[in-house]
Amino acid sequence: MPKSSSVQLRLKKSLARFKSRIEDGSYYEAQQTIRAITNRYVYAKNYDAATELLYQSSMILTEYKKYDEASDLFLYLLEVFTMEGKQGQEFERDDLIKIEDFLNALPDSDSNIFNLANETFKFARKQCQNEVGFPRLNKLVGEKLYYSGDAKTIEQSQKFLVFSDDLSDVKLLAALYYDTYKNAGNLNNFGTYLAQIATPYLAVRHASFAKEGLTILIKKLAVDIAKNVEFTPVNEWSILEPHTGNNSEELDNNCKLVNFLQLLVETCEHGSSGNSENFKGLFTRYRPILLQFEGIIYTINAIGQLYFNVTVEQKQNDFLRSMMGNLLGGAPAN
7 MPKSSSVQLR
17 LKKSLARFKS
27 RIEDGSYYEA
37 QQTIRAITNR
47 YVYAKNYDAA
57 TELLYQSSMI
67 LTEYKKYDEA
77 SDLFLYLLEV
87 FTMEGKQGQE
97 FERDDLIKIE
107 DFLNALPDSD
117 SNIFNLANET
127 FKFARKQCQN
137 EVGFPRLNKL
147 VGEKLYYSGD
157 AKTIEQSQKF
167 LVFSDDLSDV
177 KLLAALYYDT
187 YKNAGNLNNF
197 GTYLAQIATP
207 YLAVRHASFA
217 KEGLTILIKK
227 LAVDIAKNVE
237 FTPVNEWSIL
247 EPHTGNNSEE
257 LDNNCKLVNF
267 LQLLVETCEH
277 GSSGNSENFK
287 GLFTRYRPIL
297 LQFEGIIYTI
307 NAIGQLYFNV
317 TVEQKQNDFL
327 RSMMGNLLGG
337 APAN
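According to my numbering, the stretch in the sequence shown is residues 7 to 340, in order.
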C-alpha cells in the first residue's frame with residue numbers, strides 16, 4: 007500500500023464506495039469511477055496509489071465474477087506499470103505478485119484469458135528487456151491456457167510453457183505436441199513434433215528441458231509405432247531405425263531426424279566454443295536429412311551460433327530471433 011496515511015485513507019474510502027456500487031449492480035459506473043480516480047493519481051505521478059487502486063478494484067470484481075470488467079481494469083494496470091517504469095528485478099520484487107494474484111483469480115475457462123495472456127507477456131518482455139519475460143509468470147499463464155478446455159487456447163499455451171523454468175511443464179508441452187501428432191493421422195511423420203519441443207528449449211539454453219521433452223516423446227513413440235520402428239537403447243537415448251523390410255523414405259527420414267535431435271541435445275549439454283568441431287561434424291552428417299524438413303536447417307544453424315559460435319548454413323538473417331518471434335506470435339521485444 008502507498009506509504010502516506012492520508013492516501014491510504016482515500017484509497018480505503020474509494021474502494022468501499024466501489025464495492026458498494028458493485029453490490030448495487032452498478033458495475034459500469036463503478037468501473038468508470040475507478041478509472042477517473044486512477045487518472046488523477048497518474049497525473050500526479052502517484053503510481054503506487056494508482057496501481058494499488060486498480061489492483062484492489064480488479065480483485066473485487068473477480069469476487070463478484072465480473073471478469074470482463076475486471077480484465078479491463080487489469081489491462082489499465084499494465085499501462086500504469088509501464089508508465090511507472092520499474093524494470094526487471096525491481097518490478098518482480100514489488101509488483102509481479104499483483105499480476106499473479108489477478109490471473110489466478112480468473113477461471114481457467116474464462117474467455118479473457120487468451121487476450122490477457124498475450125498482453126501480459128508483451129508487458130513482461132518489455133519489463134525484462136528480453137525474449138522470455140518472467141519465467142514464473144509464463145508458468146502460471148501457460149498452465150491456465152493448457153487447462154482452459156478450449157482447443158485454440160490450449161494450442162496457445164505452448165508459447166508460454168516453453169519459457170517456464172519449471173521442468174514439470176515439459177510434460178504438459180510434450181502431451182500437447184504428442185496429441186497434435188496423433189490427431190494429424192500420419193504416424194510416420196513424428197520428427198517435426200520432437201523438433202518443436204527440442205529446439206525452442208535449446209534456444210533459451212534449457213538443454214536439460216529439451217532432453218526431458220525428447221525422452222518423454224520417444225517413450226510414447228516406442229509404444230505407438232513399435233511395429234514399424236526399432237528402438238535401440240544407447241546410454242540415456244534410443245536410436246530409431248525402421249524395421250527391416252519397411253522401405254518408407256518418410257519414416258526413415260523421421261527416424262534420422264530424431265536421432266540427430268538427441269545427438270544435438272547431447273552436444274549442446276556439453277557445449278562450448280571448443281566443441282564446435284563436434285557440432286559441425288554432426289551437422290554435416292545429417293544435413294541431407296535436415297533439408298527434408300522445411301526451415302529446420304536454419305534453426306539448427308542458429309543454435310550452433312548460440313552454443314558454439316559457428317555458422318554452418320548461410321542465407322540467414324538472425325534466424326534465432328525470428329524463430330522466437332514466430333513462436334510468440336509477434337515481433338521480439340525491443
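All C-beta atoms, glycine included, are put in the ideal place defined by N, C-alpha and C. Since the structure is predicted, the reported quantities are computational estimates derived from the model, not experimental observations.
Original post:
Taking the beta strand (DSSP E) that THR1 falls in, what are its first and last residues?
Top reply: Nothing about residue 1 can be read from this structure; the chain reaches only from 7 to 340.
Subject >> Simplified DSSP assignment, three categories, for PRO338 >> reply: Reliability fails at PRO338, whose pLDDT of 36 lies under 50, so the model's placement of it is uncertain and the value that follows must be treated cautiously. Per DSSP, reduced to three states, the secondary structure at PRO338 is coil, with no helix or strand assignment.
Subject >> Straight-line Cα distance separating LEU79 from LEU122 >> reply: Going from the Cα of LEU122 to the Cα of LEU79 covers about 11 Å.
Subject >> Chain-order list of residues whose beta-carbon lies under 7 Å from that of LEU151 (same chain, five-residue window excluded) >> reply: Cβ within range, chain order: ILE119, ALA123, THR159, ILE160, GLN162, SER163 and PHE166.
**OP:** May I have the straight-line CA-CA distance separating SER174 from LEU257, to the nearest angstrom?
**Re:** One alpha carbon belongs to SER174, the other to LEU257, and they sit about 30 Å apart.
Subject >> 8 Å contact criterion, which SER154 and SER115 should meet: CB distance rounded >> reply: The Cβ separation is near 6 Å, so the contact holds.
Original post:
With distances taken from CA atoms, which of TYR207, PRO206, THR205 and TYR183 is nearest PHE196?
Top reply: Minimum Cα distance to PHE196 is reached at TYR183.
Original post:
Given 8 Å as the limit, is there contact between the segment 220–235 and the segment 243–252, that is, 3 or more CB pairs closer than that?
Top reply: Enough Cβ pairs lie closer than 8 Å, so yes.
**OP:** Identify the continuous beta strand (DSSP E) that holds THR317 and give its terminal residues.
**Re:** Run containing THR317: none; DSSP gives neither H nor E here.
Subject >> Proximity winner among LEU179, GLU75, LEU288 and TYR61, relative to ALA216 (alpha-carbon distances) >> reply: Taking ALA216 as reference, the option from LEU179, GLU75, LEU288 and TYR61 with the minimal CA-CA separation is LEU179.
Original post:
Identify the residues that DSSP records as bridge partners of THR57: which are they?
Top reply: None, per the DSSP bridge assignment.
Subject >> Simplified DSSP state of PRO141, which is helix, strand or coil >> reply: DSSP places PRO141 within a helical segment (H, G or I) once states are collapsed to three.
Original post:
From what residue to what residue does the beta strand (DSSP E) around PRO239 run?
Top reply: 235–240 is the span of the beta strand (DSSP E), which, as asked, contains PRO239.
**OP:** Starting from the Cα of LEU15, find the closest Cα among ARG46, GLU125 and LEU59 and give me that residue.
**Re:** Among ARG46, GLU125 and LEU59, the Cα nearest to that of LEU15 is on LEU59.
**OP:** Check LEU112 in the structure and name its three-state DSSP category.
**Re:** Correct three-state label for LEU112: coil.
Subject >> SER244 (DSSP reduced to helix, strand or coil) >> reply: DSSP places SER244 in strand when its eight states are reduced to three.
Subject >> alpha helix (DSSP H) runs contained entirely in the segment 150–179, provided each spans 4 or more residues >> reply: Qualifying alpha helix (DSSP H) stretches, in chain order: 157–162 and 164–167.
**OP:** Could you tell me how far apart the beta carbons of PHE108 and PRO141 are, in whole angstroms, since I believe they sit closer than 8 Å?
**Re:** Under the criterion of beta carbons closer than 8 Å, PHE108 and PRO141 do not qualify as touching, at roughly 18 Å.
Original post:
Applying the criterion that 16 or more other CB atoms from any shown protein chain within 10 Å of the CB defines a buried residue, is ASN265 buried or exposed?
Top reply: Classification for ASN265: buried.
**OP:** Assign PRO294 to one of two classes, buried (16 or more other C-beta atoms within 10 Å of its C-beta) or exposed (fewer than that).
**Re:** So PRO294 ends up on the exposed side.
Subject >> Proximity to LEU208 [Cα-Cα], best of ILE43, LEU297, LEU270 and PHE299 >> reply: Answer by Cα proximity: LEU270.
Original post:
Helix, strand or coil: how does DSSP classify ILE231 here?
Top reply: Coil.
Subject >> Reduced DSSP category for LYS132 - H, G, I as helix; E, B as strand; rest coil >> reply: DSSP places LYS132 in helix when its eight states are reduced to three.
Subject >> Local Cβ density within 10 Å of GLN133, reported as buried at 16 or more and exposed below that >> reply: So GLN133 counts as buried.
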